[in-house]
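Number of protein chains: 2
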Amino acid sequence: MTLHLNAFLMSTGHHEASWRLAESNPVANTDIEHYRELARIAERGKLDSIFFADSPVLWNDVGRRPSGSLEPTVLLTAIAAATTHIGLIATASTTYNDPYNLARRFASVDHVSGGRAGWNVVTTAGPEAAKNFNLADQPAHAERYDRAAEFLDVARKLWDSWADNATLADKAEGVWGDNAKVQPIDHVGRHFQVRGPLNVPRSPQGHPLIVQAGSSEDGKGLAARYAEAVFTAQQTLADAQEFYADLKRRTAAVGRDPAGLKILPGIVPVIGVTEAEALRLERELDELIKPEYARAQLAKTLRVKPEDLPLDRPLPADLPDEDEIEGAKSRYTLIVTLARRENLTVRQLIGRLGGGRGHRTFSGTPEQVADAIQEWYDAGAADGFNIMPAVLPSGLSAFVDHVVPILQRRGLFRTSYEGTTLRDHYGLPRPAGRTTALEEASA
Amino acid sequence: MTLHLNAFLMSTGHHEASWRLAESNPVANTDIEHYRELARIAERGKLDSIFFADSPVLWNDVGRRPSGSLEPTVLLTAIAAATTHIGLIATASTTYNDPYNLARRFASVDHVSGGRAGWNVVTTAGPEAAKNFNLADQPAHAERYDRAAEFLDVARKLWDSWADNATLADKAEGVWGDNAKVQPIDHVGRHFQVRGPLNVPRSPQGHPLIVQAGSSEDGKGLAARYAEAVFTAQQTLADAQEFYADLKRRTAAVGRDPAGLKILPGIVPVIGVTEAEALRLERELDELIKPEYARAQLAKTLRVKPEDLPLDRPLPADLPDEDEIEGAKSRYTLIVTLARRENLTVRQLIGRLGGGRGHRTFSGTPEQVADAIQEWYDAGAADGFNIMPAVLPSGLSAFVDHVVPILQRRGLFRTSYEGTTLRDHYGLPRPAGRTTALEEASA
Numbered sequence: 002m003t004l005h006l007n008a009f010l011m012s013t014g015h016h017e018a019s020w021r022l023a024e025s026n027p028v029a030n031t032d033i034e035h036y037r038e039l040a041r042i043a044e045r046g047k048l049d050s051i052f053f054a055d056s057p058v059l060w061n062d063v064g065r066r067p068s069g070s071l072e073p074t075v076l077l078t079a080i081a082a083a084t085t086h087i088g089l090i091a092t093a094s095t096t097y098n099d100p101y102n103l104a105r106r107f108a109s110v111d112h113v114s115g116g117r118a119g120w121n122v123v124t125t126a127g128p129e130a131a132k133n134f135n136l137a138d139q140p141a142h143a144e145r146y147d148r149a150a151e152f153l154d155v156a157r158k159l160w161d162s163w164a165d166n167a168t169l170a171d172k173a174e175g176v177w178g179d180n181a182k183v184q185p186i187d188h189v190g191r192h193f194q195v196r197g198p199l200n201v202p203r204s205p206q207g208h209p210l211i212v213q214a215g216s217s218e219d220g221k222g223l224a225a226r227y228a229e230a231v232f233t234a235q236q237t238l239a240d241a242q243e244f245y246a247d248l249k250r251r252t253a254a255v256g257r258d259p260a261g262l263k264i265l266p267g268i269v270p271v272i273g274v275t276e277a278e279a280l281r282l283e284r285e286l287d288e289l290i291k292p293e294y295a296r297a298q299l300a301k302t303l304r305v306k307p308e309d310l311p312l313d314r315p316l317p318a319d320l321p322d323e324d325e326i327e328g329a330k331s332r333y334t335l336i337v338t339l340a341r342r343e344n345l346t347v348r349q350l351i352g353r354l355g356g357g358r359g360h361r362t363f364s365g366t367p368e369q370v371a372d373a374i375q376e377w378y379d380a381g382a383a384d385g386f387n388i389m390p391a392v393l394p395s396g397l398s399a400f401v402d403h404v405v406p407i408l409q410r411r412g413l414f415r416t417s418y419e420g421t422t423l424r425d426h427y428g429l430p431r432p433a434g435r436t437t438a439l440e441e442a443s444a
Numbered sequence: 002m003t004l005h006l007n008a009f010l011m012s013t014g015h016h017e018a019s020w021r022l023a024e025s026n027p028v029a030n031t032d033i034e035h036y037r038e039l040a041r042i043a044e045r046g047k048l049d050s051i052f053f054a055d056s057p058v059l060w061n062d063v064g065r066r067p068s069g070s071l072e073p074t075v076l077l078t079a080i081a082a083a084t085t086h087i088g089l090i091a092t093a094s095t096t097y098n099d100p101y102n103l104a105r106r107f108a109s110v111d112h113v114s115g116g117r118a119g120w121n122v123v124t125t126a127g128p129e130a131a132k133n134f135n136l137a138d139q140p141a142h143a144e145r146y147d148r149a150a151e152f153l154d155v156a157r158k159l160w161d162s163w164a165d166n167a168t169l170a171d172k173a174e175g176v177w178g179d180n181a182k183v184q185p186i187d188h189v190g191r192h193f194q195v196r197g198p199l200n201v202p203r204s205p206q207g208h209p210l211i212v213q214a215g216s217s218e219d220g221k222g223l224a225a226r227y228a229e230a231v232f233t234a235q236q237t238l239a240d241a242q243e244f245y246a247d248l249k250r251r252t253a254a255v256g257r258d259p260a261g262l263k264i265l266p267g268i269v270p271v272i273g274v275t276e277a278e279a280l281r282l283e284r285e286l287d288e289l290i291k292p293e294y295a296r297a298q299l300a301k302t303l304r305v306k307p308e309d310l311p312l313d314r315p316l317p318a319d320l321p322d323e324d325e326i327e328g329a330k331s332r333y334t335l336i337v338t339l340a341r342r343e344n345l346t347v348r349q350l351i352g353r354l355g356g357g358r359g360h361r362t363f364s365g366t367p368e369q370v371a372d373a374i375q376e377w378y379d380a381g382a383a384d385g386f387n388i389m390p391a392v393l394p395s396g397l398s399a400f401v402d403h404v405v406p407i408l409q410r411r412g413l414f415r416t417s418y419e420g421t422t423l424r425d426h427y428g429l430p431r432p433a434g435r436t437t438a439l440e441e442a443s444a
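Protein chains in written order, with the working numbering: chain A, 2 to 444; chain B, 2 to 444.
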């Protein structure tokens, strides 16, 4: 058993000021060659996968940082052609998609990439996205998660609506497919009525890897039932250990093998040849943050007015409870907990979030980064890590060329790909299809 | 002015029995390398574009022919990476998509392909697709077209929600984008309420080329208002001339330049070195058709039972009127008219439809095919042609290597690409964006 590494990519990097560095291409957000280069670097490092976050709405003030992005299934398909092994994980919303179209699109990406597709299932927080889809406000948190669970049920039925052996291609008899092995799903539920079958044959992985990233109660419940990998934000070893143990327990409690769900906390490493160099880069980045942008964003997340957040004071005492939040509950709680625990001023909090949006952020040498990874892995806090370079591409190259070799020497990470699919890299089995189950029953 | 050529691609070819030929790869429908090869052949021939039909439902009996297909925006993105000039036209439904997601996806394909994306706008006929999207039956024909028009209005507003010069990328001042040039659209209509702006910057072509293919009254009305290219099925020169003149007239009547809409009838050429060789291939293909599959399909289209269509009798006299059809009106009318005009038996009709589904089908030498193209082009029946090879890849290679050079020698077709975008190939201007219009107004 070795650990798993995913590269979470975002235009010029996760640090909000990364685009202002001299080395950065500020229009990388729509430059497909930039992303192909990143994918090739990740593949050179034998990483399991790359990943893009997404939401069907324009976030933020466009003055602040590179805004607008390529739709992830399109982006990852364009990247697939330039790579051979790296897994490709796209985010898509269950609140603002139809299961038939989305199941078909992910199956298609799995076909064209030779079995490298993954889907990060999100329910999309915030009223802004709702307004792009005929709604005045977002559905309630619990309602979004209820829909997500049924959406996944429908998608899995559709992916299994073709048996693996449904295609006969019998030229002599003139029979292309076996109708008995391509069946409607006739799903009727609270949110969806879907007849099926899907209009694409079963894909190389059976279905894409299911990834989940919300850490609210509803999010953990969904992950336990459906997820095969979880991306999570944890600040301390104790929190990470507790989250890990809790989610594995929940997974076992619904009758699944806990080893079938891989947990990857996010880390935002700023890497230097010496510790001083790493700290210099971190300071340079933090000095490039313009606090007024970040304060407006923080105010939106906390449901207060920007002027209620003086930069050099702590967060106000009278913030809403997590229970009142219908948006991104786990992000809200993480931010408030971080600020209260470390007694941060708004300005300090902005610096911490600007660097990594609440993930575990630190600066150091390759050896120190490798130690930080190993510490959590050995302590039962992670099956792997979601690497979020502060600056791209340089932060990813630094990780791949300097940290990965240390992990390999320690026997913690693969030195070559052993399989070709995303499931192979994560050590997860290909889901049995419908006919296999039928055939087993009759055997 | 020279003519335009689009290659309409479909797994092993448009002839329903093409997959049974010894030369065919019967699982080409999910083989991305097959499609990349086709695209490279089309690009070698300097064709304007390639195109895929689509519907969010599994058509037909899977026994009959290769069934299920890759989602077209994914497929064309995967093809984009293997080509440099050929235009990439994907079909997507306005009845079973949301405008925000679809506008964003097409803009993304346009970005990653360097301005080569086109969208064939369809309203998706038939109750079967509706049942994959929470509905018991399809919305009425007129209602689908009403939604399509509003869908296109929303999509165009979203594509223009970012001005071309919205990105400042001012590292020194720390201002990435100009908020004044990225604006909500605040659309409120009968079918959609969409706030915007889009979450991706304006794409190389401004927006994808808009293609339309229905020839019903509603379809022609939609084309006149929005389409930049029209694919159509016309059997006779007289019909094609009438359709061409009528649609150009309608386009002018809504205040558009008729030259801004290109009309491309479909042709299904079966090409041989000699006429005898072409006829031999056509006969071989027709003998491989199994009539029971085709009869079931025909019965569905005509809204009768298969047993009401004896193979060696003409169509029954008492078929429904076009007005009663809520599905694909123009296809229905085309089939009935063809059968009545040529007094075909059901078996003969199946042969004609199996070869090309109602398009202009003929077999001949490269010279004869070039003559057939030139005849319609010179007679004001077409701005170009939608080439539908009966067998793939061989039928496309034959066209590119033997027919295209004849058209080039006659001065009817380009010998090299003059531009890089799909709009360049079709000789269509890049749509002015929002700010250009504002700037013109203030100038």
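Yeah, the Cβ is synthetic: ideal placement off N, Cα and C, and Gly gets one too.
Taking 8 Å as the CB threshold, A:W177 lines the interface with chain B.
In terms of Cβ geometry, A:A40 and A:A93 do not form a close pair [threshold 8 Å].
The beta carbon of A:D179 is closer than 7 Å to those of A167, L169 in its chain, skipping five residues each way along the sequence. In the structure shown, B:T416 adopts coil according to DSSP, grouped into three states. Residue contact check for A:F52 against chain B: no CB pair falls below 8 Å.
Contact annotation for B:P292 against chain A: no contact, minimum CB-CB distance about 11 Å [criterion: below 8 Å]. For A:Q184, there is no enclosing alpha helix (DSSP H), as DSSP marks it with neither H nor E. Secondary structure note for B:G385: its beta strand (DSSP E) is the uninterrupted segment 385-388. The beta carbon of B:D165 does not come within 8 Å of any beta carbon belonging to chain A, so the residue lies off that interface.
Taking 8 Å as the cut-off, the beta carbon of A:T366 is found no closer than this to the beta carbon of A:V305. Burial is judged here by how many other beta carbons sit within 10 angstroms of a residue's own beta carbon; A:A399 has at least 16 and is buried. From the listed residues B:E44, B:D379, B:I326, the smallest Cα separation to B:R117 is found for B:E44. Neighbours of A:I42 in chain B, taken as residues at a C-beta separation under 7 Å, are lacking, since the least C-beta distance is about 18 Å. For B:V75, there is no enclosing beta strand (DSSP E); the enclosing alpha helix (DSSP H) has its first and last residue at 73-81.
Taking C-alpha positions only, A:V189 is separated from A:K158 by approximately 12 Å. Every unbroken stretch of the alpha helix (DSSP H) spanning 4 or more residues and falling wholly within the stretch 266-331 of chain A is given here in chain order: 276-289, 292-303. Think of a sphere of 8 Å around the beta carbon of B:W20: the chain A residues whose beta carbon falls inside it are A170, K172, W177, in chain order. For the pair B:I326 and A:T233, the Cα-to-Cα distance works out to about 53 Å. The contact set of B:I33 on chain A, defined by CB atoms closer than 8 Å, consists of H112, V113 in chain order.
Taking a Cβ-Cβ cut-off of 7 Å, A:R281 has no neighbours in chain B, whose nearest Cβ is about 19 Å from it. Looking at the DSSP output, B:T3 shares a beta bridge with no other residue.
Close CB contacts of B:T334 within its chain, under the 6 Å cut and outside five residues either way in sequence, are with E323 (chain order).
Residue nearest to A:A137 within the set B:N61, B:M389, B:D187, B:R332 is B:D187 (criterion: CA-CA distance).
Identification of chain A residues near B:T74 by a Cβ-Cβ cut-off of 7 Å yields V75, ordered along the chain. Within the same chain, and ignoring the five residues on either side of A:P307 in sequence, the residues whose Cβ sits closer than 6 Å to its Cβ are R296, A297, A300. Each residue's CA atom was taken as its position, placing B:P270 and A:D402 some 55 Å apart. Going by C-alpha positions, A:S331 is about 57 Å away from B:K249. Residues of the stretch 75-90 of chain A whose Cβ lies closer than 8 Å to any Cβ of chain B, in chain order: V75, L76, T78, A79, A81, A82, A83.
Just so you know, the alpha carbons of A:Q236 and A:V370 end up roughly 15 Å apart. For A:Y97, at least one C-beta of chain B is nearer than 8 Å to its own C-beta. Counting the other CB atoms within 10 Å of its CB gives B:T422 a total of 16 or more, which places it among the buried residues.
Residue pairing for B:D171: DSSP places it in a beta bridge opposite B:V176. Sequence-distant partners of B:N61 (beyond 5 residues in either direction) whose C-beta falls short of 7 Å from its own C-beta, in its chain, are S68, Q298. Put simply, of B:K291, B:E218, B:V212, B:L286 the residue whose alpha carbon is nearest the alpha carbon of B:F52 is B:V212. Among the CB atoms of chain A, one or more fall inside 8 Å of the CB of B:G64.
Inside the stretch 4-41 of chain B, DSSP marks whole beta strand (DSSP E) runs of 3 or more residues at positions 5-9, from first to last along the chain.
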